[in-house]
Amino acid sequence: MMPALQNEHVHQLGDVTKGDFSMLTVSQVITASDSVLREMYKELNLDSSDVLRQCHLNKRSVTKEKLAEWLETICYILDSYSVPLLKNAVSAIDRSTKRIEDLQKDKINDQKEIIQLKDKVIAKKSDDLKEVKSTVQTEMKSFSSIVKKGCPATIT
175 MMPALQNEHV HQLGDVTKGD FSMLTVSQVI TASDSVLREM YKELNLDSSD
225 VLRQCHLNKR SVTKEKLAEW LETICYILDS YSVPLLKNAV SAIDRSTKRI
275 EDLQKDKIND QKEIIQLKDK VIAKKSDDLK EVKSTVQTEM KSFSSIVKKG
325 CPATIT
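For the sequence shown, our numbering assigns the number 175 to the initial residue and increments by one for each residue that follows.
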């Protein structure tokens with residue numbers, strides 16, 4: 175196994191754990207990648223808005239050793255940090271998506287239960303109202319018969 179690549183660009187990764195999905199890791203990987211690209215753009219006399227193309231890399235001013243160093247560094251950052259970072263990000267998104275789906279299902283089930291409980295409350299109140307209605311009707315009949323007995327001449 176080859177030792178880890180060491181140069182000024184990779185040094186910017188610090189003590190990053192490969193594939194660790196944290197803001198610090200993301201920031202350090204971006205910083206290291208940008209460092210290589212800034213060096214390339216500077217050596218190739220390109221503006222950062224320019225797209226790096228093969229014709230730029232074929233300049234005589236760029237040595238084969240320099241190209242090999244850039245390629246090695248970019249491949250190292252990509253293989254050792256960027257790809258594992260992306261894989262972990264996808265896993266984190268998948269876990270989050272699953273959790274959101276589970277929470278949505280739980281919410282739907284809770285809402286169904288709330289509706290069922292409300293229906294029970296409505297049914298109970300309806301039963302209570304029927305009971306009150308029956309009681310009122312019975313009491314009214316009793317009161318009516320008492321009134322009829324007490325004042326038979328005035329009712330007719």
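By construction, the Cβ of each residue, glycine as well, lies at the ideal position given by its N, Cα and C atoms.
For clarity, every value in this text was computed on a predicted model and none was experimentally measured.
Excluding the 5 residues preceding and the 5 following residue i in the sequence, name in chain order all residues of the same chain whose CB lies nearer than 8 Å to its CB.
{"i": "Glu313", "result": "none"}
{"i": "Ser256", "result": "Val203 and Ser207"}
Does the Cβ of residue i have 16 or more other Cβ atoms within 10 Å, making it buried, or fewer, making it exposed?
{"i": "Ile288", "result": "exposed"}
{"i": "Met197", "result": "exposed"}
{"i": "Val310", "result": "exposed"}
{"i": "Val210", "result": "buried"}
{"i": "His183", "result": "buried"}
{"i": "Thr237", "result": "exposed"}
{"i": "Val190", "result": "buried"}
{"i": "Thr344", "result": "Outside the modelled stretch of the chain, which goes from 175 to 330, sits residue 344, for which no answer is possible."}
Can you tell me where the alpha helix (DSSP H) with residue i in it begins and where it stops?
{"i": "Leu226", "result": "Where Leu226 is concerned, there is no enclosing alpha helix (DSSP H), given that its DSSP letter is neither H nor E."}
{"i": "Phe317", "result": "Val257 to Gly324"}
{"i": "Gln202", "result": "Met197 to Glu217"}
{"i": "Thr247", "result": "Lys238 to Ile251"}
{"i": "Val184", "result": "Glu182 to His185"}
By Cβ distance below 6 Å, which residues in the same chain neighbour residue i in space, the five residues on each side in sequence not counted?
{"i": "Val264", "result": "none"}
Using beta-carbon positions only, say whether residue i and residue j come within less than 8 Å of one another.
{"i": "Ile251", "j": "Val200", "result": "no"}
{"i": "Phe195", "j": "Asn283", "result": "no"}
{"i": "Gln180", "j": "Thr205", "result": "no"}
Which whole-angstrom value is the C-beta distance of residue i and residue j, which I expect to be below 8 Å?
{"i": "Ser207", "j": "Tyr215", "result": "Contact doesn't hold; Cβ gap of about 12 Å is too wide."}
{"i": "Ser241", "j": "Leu231", "result": "The amino acid occupying residue 241 in the given sequence is Leu; Ser does not appear at that position. About 6 Å separates the two Cβ atoms, so the contact holds."}
{"i": "Lys233", "j": "Leu218", "result": "7 Å"}
Might you give, ordered along the chain, the residues of its own chain that have their beta carbon closer than 7 Å to the beta carbon of residue i, omitting 5 neighbours on each side?
{"i": "Ala178", "result": "none"}
{"i": "Thr247", "result": "Leu179, Asn181, His183, Val184 and Val210"}
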